[in-house]
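Visitor:
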Amino acid sequence: MTERYDVLVVGAGPAGLAAAGTAAAHGARVGLLDAQPRAGGQVWRHDVRKNAPRAAREAIAALHGVTLLAQHSVIASEDGALRVEIPQGSTLLTYGALVLATGARELLLPFPGWTLPGVSGAGGLQALTKQGWPVAGKRVVVAGSGPLLLAAAATLRAHGAKLVGIHEQASAESVHAFARQLLHWPARATQAALLRAKLAGVPYRFGSVVRQAHGEDALRLVEIDGAHGTSLVDCDLLAVGYGLVPNVELAQLLGCALDHGHPHPHVQVDELLRTSVPAILAAGEACGIGGLAVARIEGAIAGHMAAGHQDDARALLPERDRARRFGALLARHFAPGARVHALATPQTLICRCEDVPLGALDGYADARDAKLATRCGMGACQGRICGTALAELGRFPRGAGRPPLFPARLATLAGLALSSSDASRSST
Ligand SMILES: Cc1cc2nc3c(=O)[nH]c(=O)nc-3n(C[C@H](O)[C@H](O)[C@H](O)COP(=O)(O)OP(=O)(O)OC[C@H]3O[C@@H](n4cnc5c(N)ncnc54)[C@H](O)[C@@H]3O)c2cc1C
1 MTERYDVLVV
11 GAGPAGLAAA
21 GTAAAHGARV
31 GLLDAQPRAG
41 GQVWRHDVRK
51 NAPRAAREAI
61 AALHGVTLLA
71 QHSVIASEDG
81 ALRVEIPQGS
91 TLLTYGALVL
101 ATGARELLLP
111 FPGWTLPGVS
121 GAGGLQALTK
131 QGWPVAGKRV
141 VVAGSGPLLL
151 AAAATLRAHG
161 AKLVGIHEQA
171 SAESVHAFAR
181 QLLHWPARAT
191 QAALLRAKLA
201 GVPYRFGSVV
211 RQAHGEDALR
221 LVEIDGAHGT
231 SLVDCDLLAV
241 GYGLVPNVEL
251 AQLLGCALDH
261 GHPHPHVQVD
271 ELLRTSVPAI
281 LAAGEACGIG
291 GLAVARIEGA
301 IAGHMAAGHQ
311 DDARALLPER
321 DRARRFGALL
331 ARHFAPGARV
341 HALATPQTLI
351 CRCEDVPLGA
361 LDGYADARDA
371 KLATRCGMGA
381 CQGRICGTAL
391 AELGRFPRGA
401 GRPPLFPARL
411 ATLAGLALSS
421 SDASRSST
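For the record, in the sequence shown the residue sitting at position 327 is 327 according to UniProt numbering, with numbers rising by one throughout.
1) Does the Cβ of P14 lie closer than 7 Å to at least one heavy atom of ligand 1?
2) Please state whether the Cβ-Cβ distance between Y242 and L343 is less than 8 Å.
3) Could you pull out every unbroken beta strand (DSSP E) segment of at least 3 residues lying fully inside the segment 6-42, listed in chain order?
4) Ligand 1 and D34: does the residue's C-beta get closer than 7 Å to at least one heavy atom of that ligand?
5) Near M378, which residues of its chain fall below 7 Å by C-beta distance, leaving aside the five closest residues on each side in sequence?
6) Locate the alpha helix (DSSP H) running through E249, then write down its first and last residues.
7) Distance check for D34 and L390, CA to CA, integer angstroms please.
8) For R54 and R45, I'd like the C-alpha separation in whole angstroms.
9) Can you tell me whether A104 is buried or exposed? The criterion is at least 16 other CB atoms within 10 Å of its CB, across all chains shown.
10) Here's the rule: buried if 16 or more other CB atoms are within 10 angstroms of the residue's CB, otherwise exposed. What is E271?
11) Just the C-alpha distance for A307 and R57, rounded to the nearest angstrom, thanks.
12) Where L17 and L109 are concerned, what is the direct C-alpha to C-alpha distance, given to the nearest angstrom?
13) Is A101 a contact residue of ligand 1, with contact defined as CB to any heavy atom under 7 Å?
14) How should V84 be labelled, buried or exposed, when 16 other C-beta atoms within 10 angstroms of its C-beta is the threshold for buried?
15) So, helix, strand or coil for R211, using DSSP?
16) From G65, V135, P37, pick the residue whose C-alpha is nearest to that of P87; which is it?
17) Please go through the same chain and pick out, in chain order, the residues whose beta-carbon is closer than 6 Å to the beta-carbon of D225, but skip the five residues on each side of it.
18) Expressed to the nearest angstrom, what Euclidean distance is found between the alpha-carbon atoms of F334 and S174?
19) Hey, would you say the C-beta of S73 is under 7 Å away from at least one heavy atom of ligand 1?
20) Give me whichever residues DSSP pairs with A239 in a beta bridge.
21) Contact between the segment 115-135 and the segment 314-324 is defined here as three or more beta-carbon pairs at a separation below 8 Å; is this criterion met?
22) Taking contact to mean 3 or more Cβ pairs, one atom from each stretch, closer than 8 Å, check whether the segment 87-97 and the segment 227-246 are in contact.
23) With three or more beta-carbon pairs closer than 8 Å as the criterion, would you say the segment 277-295 touches the segment 253-269?
24) For ligand 1, I want to know if A62 counts as a neighbour, meaning its beta carbon is within less than 7 Å of at least one of the ligand's heavy atoms.
25) Output the boundary residues of the alpha helix (DSSP H) element that contains L317.
26) Between residue 472 and the rest of its own chain, which residues show a CB-CB distance below 6 Å, the 5 nearest in sequence each way excluded?
27) DSSP has H266 in a bridge; who is on the other side?
28) In three-state terms, what does DSSP make of A417?
29) Quick check: the Cα distance between R332 and T190, rounded to an integer number of angstroms?
30) Any chance the segment 183-197 sits against the segment 345-352, with 3 or more Cβ pairs inside 8 Å?
31) Can you have a look at K50 and say buried or exposed, based on whether 16 or more other CB atoms are within 10 angstroms of its CB?
32) Consider the C-beta atom of V10 and the heavy atoms of ligand 1; say whether any pair is separated by less than 7 Å.
33) Express the C-alpha separation of A15 and L8 in angstroms, rounding to a whole number.
34) State the Cα-Cα distance for the pair A380 and L393, rounded to the nearest angstrom.
35) Just the Cα atoms here: how many angstroms apart are A170 and A411?
36) Would T102 and N247 be called neighbours here (beta carbons separated by less than 8 Å)?
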């Protein structure tokens, strides 16, 4: 079955919600799809403990006339249509204009012990916690880099976790310089102050890196290299993330050019968010990490463009340019330093899907050679984690993604639609 929309938006985070609502307000027939069961993306992910923030509720309420396609994962592109895996099987979607609002994921960098049960990404543990994973009473160390650490820690504390400490790898000078710049971003300054207030009493250390996680079957303690030497800290959970990386795999699959500039590859767009492929626009974190404000304003620009209202889009450009400058500030002050890049040893697993240690990759010139010889990047994450980490560590650039973008049923790959009863019996 093939369904057609005037405007199809991939990703129902803040950027996709704004794009869909804006295009629909112009009278377009709009489909908004997301792999997740609810709209909201990462920052507005449903929290079992509290109501969605007002901005999220308003963005969802503004979707008049938009068909919301939840639990729809785009896994491939076929002759101008998107192959989408759904709970009942799969479907094909076509479009007059496509908006890619695929967001970002966490940058995870391997260190000894990072695959122990109890160790996760900072945003990853935040997401699990919002969805009901029990952290009450657990002693948690949060580490890595960037403001997401504070947001994750605040969520964990609100759910009853005992925060042992927050360890930021960036130096005190760098974080203080960033904080001074916040004066030019009053909304951001307020957000930071609110987070710090929610985290009152929790030690927040700068220039501090988790070197190793220790434990036999599960995490028991972490070794931290801080400003005053090395220390061992008992904990139940360790949440480590080194900022965000744009999700560009779908754009790549569709033939859109990437910008390989600092700090991570992102979808290349012109001023009005047009990609290099006609009728495909991109917005939000997929075009470079910029935060919530960027995602919302770019979503609106892409929505106007997709519906053919260029003048409305142009009117928003000054606001977008200002919001984008914040992303550059983040990249400048929180980029992972040399100590972080040196954490993995030859024995450290780099590809946890296929159990490939870093040392096994010596001698390979690119991601493809390494993959063919060692299976690195061939697992369920399709190289999203190891490929991104290897690029960050300067080993080799990320290889281009291949379909399926996510694990999919064999029937989906064969282009067949399953009946619901078949779907419930099939495996992924
Ligand atoms: C784990 C994590 C936690 C975060 N927590 C916070 C926070 O607490 N506070 C904060 O200010 N910022 C947070 N951020 C940053 C935040 O994501 C951005 O500021 C903002 O949400 C970006 O909006 P977006 O619409 O560009 O992308 P996102 O919100 O990332 O939305 C992208 C959506 O696209 C969907 N998608 C991607 N590919 C496909 C596909 N092939 N098929 C179907 N759907 C697809 C995803 O499921 C996702 O819902 C977090 C980021 C991450 C990665």
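For every residue, glycine included, the Cβ atom is placed at its ideal position computed from N, Cα and C.
Guide: According to the structure data:
1) yes
2) no
3) 30-33
4) yes
5) E354, K371
6) DSSP places E249 in the uninterrupted alpha helix (DSSP H) bounded by 249-253.
7) 28 Å
8) 13 Å
9) A buried status is given to A104, since no fewer than 16 other beta-carbon atoms sit within 10 Å of its beta-carbon.
10) exposed
11) 23 Å
12) Near 31 Å, if we compare the C-alpha coordinates of L109 and L17.
13) Yes - ligand 1 has a heavy atom lying nearer than 7 Å to the Cβ of A101.
14) buried
15) strand
16) P37
17) V209, R211
18) 8 Å
19) yes
20) S120, V142
21) no
22) Too few Cβ pairs lie closer than 8 Å, so no.
23) yes
24) No, since every heavy atom of ligand 1 falls outside the 7 Å radius drawn around the Cβ of A62.
25) Here the alpha helix (DSSP H) through L317 covers 317-334.
26) An answer regarding residue 472 cannot be provided, because it is not within the stretch 1 to 428 covered by the chain.
27) Beta-bridge pairing by DSSP links H266 to D259.
28) In this prediction, A417 has a pLDDT of 45, which is less than 50 and means its spatial position is unreliable; nothing more can be read from the coordinates.
29) 21 Å
30) No: fewer than three Cβ pairs fall under 8 Å.
31) exposed
32) yes
33) Spanning the two alpha carbons is a distance of roughly 13 Å.
34) Within the model, the alpha-carbon separation for A380 versus L393 is close to 21 Å.
35) 47 Å
36) yes
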